[in-house]
Amino acid sequence: MNKLLPRIEFVKRNQIYRVAIYHDGVRYSLGHHKDAESAREVQSYVTEALRNCDDFLKWYATNYPSEWKRKVRKFKGCTNVPYNENRKRYMPTITVDGKQYILGYFVKYDEALEVQVLAETAKKDGVFLEWLDNHKKARLEKDRKNCKGIHNGTAPGTYKANISVNNISYYLGQYDSLEAAMQIRLQAEEAKQDGIFTEWFAKNFSDRWEKMQRKKSGEQSDEKK
615 MNKLLPRIEF
625 VKRNQIYRVA
635 IYHDGVRYSL
645 GHHKDAESAR
655 EVQSYVTEAL
665 RNCDDFLKWY
675 ATNYPSEWKR
685 KVRKFKGCTN
695 VPYNENRKRY
705 MPTITVDGKQ
715 YILGYFVKYD
725 EALEVQVLAE
735 TAKKDGVFLE
745 WLDNHKKARL
755 EKDRKNCKGI
765 HNGTAPGTYK
775 ANISVNNISY
785 YLGQYDSLEA
795 AMQIRLQAEE
805 AKQDGIFTEW
815 FAKNFSDRWE
825 KMQRKKSGEQ
835 SDEKK
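With the working numbering applied, the sequence shown covers 615 to 839.
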């Protein structure tokens, strides 16, 4: 069941009632009304409509197309969604307080732009870190459901975990339970998203990391001969 609930806010300066809903720290307008009764009617309607809704953004874009387009258009002209040639994906990024954040990799430009716009909106509203935390949790939960990077192990009932970073595959071990394999895979994904995967892997898989470095050093020596 969806826990998103619309709020009614009285704007004293304009003497109007504003209905809005907050999702991932970003405010989405549901209209302005001169009387409280009309605002409550909208609040009740939206609450019921969202009761079994699993995709708020899709619902909002469908039922409030003008507001959604305005929110996207507000940033589209000044928002750059770069294309990562190595990954063959769009890579939305944002800089907040001098630190650059990579918001993910997307095949479709529209999906990348949507994330970019939401991040820009959260930054403007002063709630970027809150939005980022929810964004990362949602991505990790999606990976959990898809069991990304998890494969059957060599022995029955075991599971192997791996992850690809910068086109390099890292083996994360073999585990006796799916939950254990998923847990280490999610930790690796979070470290990757935070831009500290190399440090994380070297710390948690030191023997494997040293072996990879020796192999890399040997290949470089062969190339020089």
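Note that beta-carbon positions come from the ideal geometry of N, C-alpha and C, so glycine has one too.
Owing to the predicted nature of the structure, the values given are computational and were not obtained by experimental measurement.
Endpoints, the alpha helix (DSSP H) within which residue i is located
i: E728; result: Y723 to K738
i: I798; result: L792 to Q807
i: F819; result: Unbroken run through F819: none, as it is neither H nor E.
i: Y678; result: Premise fails: Y678 is in no alpha helix (DSSP H) and is neither H nor E.
Residue(s) in a DSSP beta bridge with residue i
i: F624; result: Y631
i: R703; result: N698
i: H765; result: K774
i: K713; result: V710
i: Y785; result: N776
i: H646; result: R632
i: F670; result: DSSP lists no partner for F670.
i: V606; result: Here the chain has residues from 615 to 839 only, and residue 606 is not among them.
i: F720; result: Y704
Residue i and residue j closer than 8 angstroms at C-beta
i: Y636; j: I622; result: no
i: L671; j: Y715; result: no
i: A752; j: I764; result: no
i: N700; j: N781; result: yes
i: A733; j: P706; result: yes
i: T852; j: Q788; result: Nothing about residue 852 can be read from this structure; the chain reaches only from 615 to 839.
i: K738; j: E804; result: no
i: Q568; j: L717; result: Lying outside 615 to 839, the shown extent of the chain, residue 568 is not represented and no answer is given.
i: V710; j: Y704; result: no
i: I777; j: K817; result: no
Residue i: first and last residue of the uninterrupted beta strand (DSSP E) it sits in
i: L664; result: No beta strand (DSSP E) contains L664, which DSSP labels as neither H nor E.
Supposed contact pair residue j and residue i - C-beta distance, whole angstroms, cut 8 angstroms
i: L619; j: A634; result: Going by Cβ atoms, the distance from L619 to A634 rounds to 11 angstroms, so no, they are not a contact pair.
i: R828; j: Y785; result: Their Cβ separation, rounded to whole angstroms, is 15 angstroms, which puts R828 and Y785 out of contact at 8 angstroms.
i: V640; j: T735; result: 5 angstroms
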